[in-house]
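For the sequence shown, our numbering begins at 112 and goes up steadily by one. Note that CB positions come from ideal geometry on N, CA and C, so glycine has one too.
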Amino acid sequence: MHYILNGITIKSENAAKPEAQASKSVVNYLLDKKGIERILDFGCGKLRYSETLNKIGVSVTYVDSRVQLTRLQTIKGTKTNVVKYVADNYQGALVVPFEEIDHHKEKYQLITCTNVISAIPCEETLKKVLAKINDLLDSDGCAVFVNQHRNSYFKRFLSGQKRLFGHIYKGKRGYSYYGIITPDVMTKLLECNGYKVLKSWTVGESNFVEASRGKKR
Ligand SMILES: C[S@@+](CC[C@H](N)C(=O)[O-])C[C@H]1O[C@@H](n2cnc3c(N)ncnc32)[C@H](O)[C@@H]1O
Numbered sequence: 112m113h114y115i116l117n118g119i120t121i122k123s124e125n126a127a128k129p130e131a132q133a134s135k136s137v138v139n140y141l142l143d144k145k146g147i148e149r150i151l152d153f154g155c156g157k158l159r160y161s162e163t164l165n166k167i168g169v170s171v172t173y174v175d176s177r178v179q180l181t182r183l184q185t186i187k188g189t190k191t192n193v194v195k196y197v198a199d200n201y202q203g204a205l206v207v208p209f210e211e212i213d214h215h216k217e218k219y220q221l222i223t224c225t226n227v228i229s230a231i232p233c234e235e236t237l238k239k240v241l242a243k244i245n246d247l248l249d250s251d252g253c254a255v256f257v258n259q260h261r262n263s264y265f266k267r268f269l270s271g272q273k274r275l276f277g278h279i280y281k282g283k284r285g286y287s288y289y290g291i292i293t294p295d296v297m298t299k300l301l302e303c304n305g306y307k308v309l310k311s312w313t314v315g316e317s318n319f320v321e322a323s324r325g326k327k328r
């Protein structure tokens with residue numbers, strides 16, 4: 112997704128990391144949840160967790176911006192794009208661009224959203240993303256939001272211009288945004304956007320917040 116803020120373009124798709132940089136704590140968390148009928152990975156990036164999701168879910172839906180889903184990139188060692196990689200490797204999986212998400216009416220038992228909230232520099236989009244995830248949850252479904260709130264990597268961002276929950280930083284590949292989403296920030300965001308927060312915890316530098324649909328819909 113491209114975010115244009117005060118004449119600056121932030122290409123958030125560039126923030127996605129490869130499978131080789133999967134977080135062990137995220138993989139272990141997912142492997143504990145076996146036999147889930149329908150999973151949606153919101154902001155799937157370059158499919159960092161797709162092998163694990165494919166193991167634990169019967170069918171998995173991958174959502175990201177159209178540009179992230181269709182651009183040519185290296186995914187698990189193959190020069191391809193997300194749409195093609197999913198079609199070639201995961202039978203029954205779906206790929207839905209964020210731009211078309213309003214037409215997607217399926218409900219999910221588990222929605223994963225890893226390192227996405229920290230990559231959205233726009234309040235309006237953030238609200239839309241949270242509302243959509245809430246909408247896509249089954250009545251007994253659970254969404255998990257994972258963010259890194261302490262990381263040597265984002266220390267350099269602190270020198271950048273302040274924005275929303277973090278900073279905009281100019282690097283070699285243009286501008287990027289990194290929001291520092293602590294468990295408290297994530298919990299408040301969820302509560303203000305119609306969720307019931309079930310649990311939050313931290314493993315190393317990653318924090319996890321699980322939430323379900325709130326009562327009032
Ligand atoms: C830091 S990457 C994380 C990718 C993946 N979840 C992971 O953990 O590897 C952030 C991702 O959020 C996606 N993104 C940003 N804004 C989005 C939006 N409004 N809807 C869907 N995806 C979005 C970006 O394209 C990017 O793939």
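Nearest to Pro294 (by Cα), restricted to the options Gly168, His260, Ala198, Leu180: Nearest option by C-alpha distance: His260.
Below 7 Å, is the gap between the Cβ of Phe153 and the nearest heavy atom of ligand 2? In the structure on display, ligand 2 does not appear, and the ligands it does have are ligand 1.
Beta carbon of Asn304, beta carbon of Ala204: below 8 Å? no
Can you give the Cα-Cα distance for Ile212 and Lys218, rounded to whole angstroms? 12 Å
Buried or exposed: Lys145, going by 16 or more other Cβ atoms within 10 Å of its Cβ? With fewer than 16 Cβ atoms within 10 Å of its Cβ, Lys145 is classed as exposed.
With a cut-off of 6 Å, give the chain-ordered residues whose Cβ is closer than this to any heavy atom of ligand 1. Met112, Ser123, Glu124, Ala126, Ala127, Lys128, Gly154, Cys155, Gly156, Arg159, Val174, Asp175, Ser176, Gln179, Phe209, Thr225, Asn226, Val227, Ala230, Ile231, Thr236, Val240
First and last residue of the uninterrupted beta strand (DSSP E) at Lys187: Where Lys187 is concerned, there is no enclosing beta strand (DSSP E), given that its DSSP letter is neither H nor E.
Name the two residues that bound the continuous alpha helix (DSSP H) containing Ser136. 135-142
For the beta strand (DSSP E) containing Val308, list its first residue and its last residue. Counted as a single uninterrupted DSSP element, the beta strand (DSSP E) harbouring Val308 occupies residues 306-314.
For Asn200, does the three-state DSSP call read helix, strand or coil? helix
Less than 8 Å between the C-beta atoms of Val257 and Ser176, yes or no? no
Between the alpha carbons of Asp246 and Ile291, how many angstroms are there, rounded? 25 Å
Could you tell me which of Lys239, Ile231, Met297 sits nearest to Ile115, measuring between CA atoms? Nearest C-alpha to Ile115: Ile231.
Using a threshold of 8 Å, state whether the C-beta atoms of Ile167 and Leu142 are closer than that. yes
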